[in-house]
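Counting with my numbering, you get residues 10 to 301 for the letters of the sequence shown.
A virtual CB, placed ideally from N, CA and C, is assigned to each residue, including glycine.
From a predicted model like this one, the values you see are computed outputs, not experimental measurements.
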Amino acid sequence: MDLKPADSASPDYTNLIYKGCARQQFSDPSGLYSQALSAMYGSLVTQSTKTKFYKTTTGTTSQTTITGLFQCRGDLSNNDCYNCVSRLPVLSGKLCGKTIAARVQLSGCYLLYEIAGFAQISGMEMLFKTCGKNNVAGTGFEERRDTAFGVMQNGVVSGHGFYATTYESVYVLGQCEGDVGDSDCSGCIKNALEKAQVECGSSSSGQIYLHKCFIGYKYYPNGVPKGPSSPSSSSGSSVSSSSEIKNKIKRNGTGTTGKTVAIIVGGTAGLGFLIICLLFVKNLMKKKYDDY
10 MDLKPADSAS PDYTNLIYKG CARQQFSDPS GLYSQALSAM YGSLVTQSTK TKFYKTTTGT
70 TSQTTITGLF QCRGDLSNND CYNCVSRLPV LSGKLCGKTI AARVQLSGCY LLYEIAGFAQ
130 ISGMEMLFKT CGKNNVAGTG FEERRDTAFG VMQNGVVSGH GFYATTYESV YVLGQCEGDV
190 GDSDCSGCIK NALEKAQVEC GSSSSGQIYL HKCFIGYKYY PNGVPKGPSS PSSSSGSSVS
250 SSSEIKNKIK RNGTGTTGKT VAIIVGGTAG LGFLIICLLF VKNLMKKKYD DY
């Protein structure tokens, strides 16, 4: 398939990243392929209201069988997932026509379909990459990025296919296709991270899309921005400090792509502790004013 980047003015999670279109079109004099394709699209869009990954097969005969799937990013709500996936059938038809296989990747979701017998490719094959223009070599960025990579690789496994976090101003995200097991997911993510190190070098940001997984990262020199749409609002925990993570690395003594591993302190536990502290301070202040 031919992979081409493209831009869109849609909301962030519906920005078009790339398309992959088979060169061969359907031979469809009876209209059976079109019917199977429409049925597949309808099934995928319907399922996107309640799940973030779904795979289905449609078609009345073995010759017209089409297998399709969609996947939404792990931090999207059900409503955002539906809004993202519902755009894909129209985009696929517009960008690829009625080809025998197509893949359309948006920032927040993607769709893939293939007719029966379409040649399979390795799950590790790189489909698309993009690297930021800013070079931040010599700033200690590479060490921070590689540590964040190590954290994320382990987080994807414990999160069963999706993880996002920040470490010292480096935001990282990784996701595997929904039907990939934890072990294969870890291998795919490791491969993607190694490709990011080689392909993007000291670029401040990058995205690597393999057939069965993808990763993305971005360095924010002034700190990861806060807000509803900020990267840090996605699922996964933030690492609080370099000393904390390095101490845990030493205790575990395990290596990974970034040559480091960390145990992430759960964001929920951290939030609970903060609430307890605030209540304690509030009670102290109340007692002080009562004494007066």
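Whose C-beta lies closer than 8 Å to the C-beta of serine 43 among residues of the same chain, with five residues either side of it excluded? Within the same chain, serine 43 has close Cβ partners Phe35, Asp37 and Lys107.
Verify whether the separation of the beta carbon atoms of glutamine 162 and phenylalanine 223 is less than 8 Å.
No. Outside cutoff.
CB of methionine 133 within 8 Å of CB of cysteine 197, strictly:
Contact flag set, yes.
- Contact the region 25-35 vs the region 100-117: 3+ CB pairs below 8 Å: Contact holds: three or more Cβ-Cβ distances are below 8 Å.
| Inside the region 171-230 only - alpha helix (DSSP H) runs reaching at least 4 residues | Those alpha helix (DSSP H) runs which fall completely within the region 171-230 and span 4+ residues are 191-209.
**Q.** Collapsed DSSP secondary structure at glutamine 44 in the structure displayed
**A.** Here DSSP, grouped into helix, strand and coil, assigns glutamine 44 to helix.
Taking the alpha-carbon positions, what's the isoleucine 208 to asparagine 144 distance? Position check: residue 208 holds glutamate in this sequence, whereas isoleucine was assumed. When only Cα atoms are considered, glutamate 208 and asparagine 144 end up about 13 Å apart.
For arginine 112: DSSP bridge partner residues: Its beta-bridge partners are Gly29 and Leu121.
Open item on the list: So, with DSSP's three-state summary, where would you put glycine 168?
Closed with: Here glycine 168 sits in coil by DSSP.
Buried or exposed, going by whether 16 or more other CB atoms sit within 10 Å of the CB of alanine 128? With fewer than 16 other Cβ atoms inside 10 Å of its own Cβ, alanine 128 counts as exposed.
Check: So what does DSSP say about asparagine 24, is it helix, strand or coil?
Finding: In the structure shown, asparagine 24 sits in coil (DSSP, three-state: anything other than H, G, I, E or B).
ask   = From this set, Ile75, Glu186 and Thr58, which residue's C-alpha is nearest valine 94's C-alpha?
value = Taking the Cα of valine 94 as reference, the smallest distance to any Cα among Ile75, Glu186 and Thr58 is reached at Thr58.
Q: Classify glutamine 80 as helix, strand or coil using the three-state DSSP reduction.
A: In the structure shown, the three-state DSSP call for glutamine 80 is strand.
*asked:* For the region 147-166 against the region 113-120, do three or more pairs of beta-carbon atoms, one drawn from each stretch, fall closer than 8 Å, so that the two count as touching?
replied: In short, these stretches do not touch, since the Cβ pair count stays below three.
Beta-carbon contacts of threonine 76 that lie in its chain and below 6 Å, excluding the five residues immediately before and after
The beta carbon of threonine 76 is closer than 6 Å to those of Thr66 and Glu123 in its chain, skipping five residues each way along the sequence.
At a cut-off of 7 Å, is threonine 174 close to the ligand MN when judged by its beta-carbon and the heavy atoms of the ligand? Annotation note on the ligand MN: not contained in the displayed structure, which lists no ligands.
Original post:
Nearest to glutamine 216 by CA position, among Asn231, Asn200, Lys138 and Glu151, is which residue?
Top reply: Taking each of Asn231, Asn200, Lys138 and Glu151 in turn and checking the Cα distance to glutamine 216, the smallest one comes out for Lys138.
Fill in: Per-residue burial, lysine 103 [other beta carbons within 10 Å of its own, 16 or more giving buried]
Result: exposed.
(Q) Can you give me the C-alpha to C-alpha distance between tyrosine 91 and lysine 142, rounded to a whole angstrom? (A) So the alpha carbons of these two residues sit roughly 33 Å apart.
Q: Figure out for me which residue from Arg112, Gly147 and Thr74 has the closest Cα to the Cα of glycine 210.
A: Minimum Cα distance to glycine 210 is reached at Gly147.
Could you give the residue range of the alpha helix (DSSP H) that holds lysine 103? Per DSSP, the unbroken alpha helix (DSSP H) holding lysine 103 starts and ends at 97-105.
Lysine 204 versus glycine 126 - alpha carbon distance | So the two alpha carbons sit approximately 30 Å from each other.
Check: Could you give the residue range of the beta strand (DSSP E) that holds leucine 85?
Finding: For leucine 85, there is no enclosing beta strand (DSSP E), as DSSP marks it with neither H nor E.
Considering only residues of the same chain and omitting the five flanking positions on each side of cysteine 194, which have a CB-CB separation below 7 Å? The residues are Val165, Val166, Gly170, Cys185 and Cys222.
Starting from the Cα of proline 98, find the closest Cα among Ser52, Gln72, Cys140 and Ile130 and give me that residue. Looking at the Cα atoms, Ser52 is the closest of the given residues.
**Prompt:** Hey, quick one: how far does the beta strand (DSSP E) through phenylalanine 137 stretch, first residue to last?
**Reply:** Where phenylalanine 137 is concerned, the enclosing beta strand (DSSP E) stretches over 135-140.
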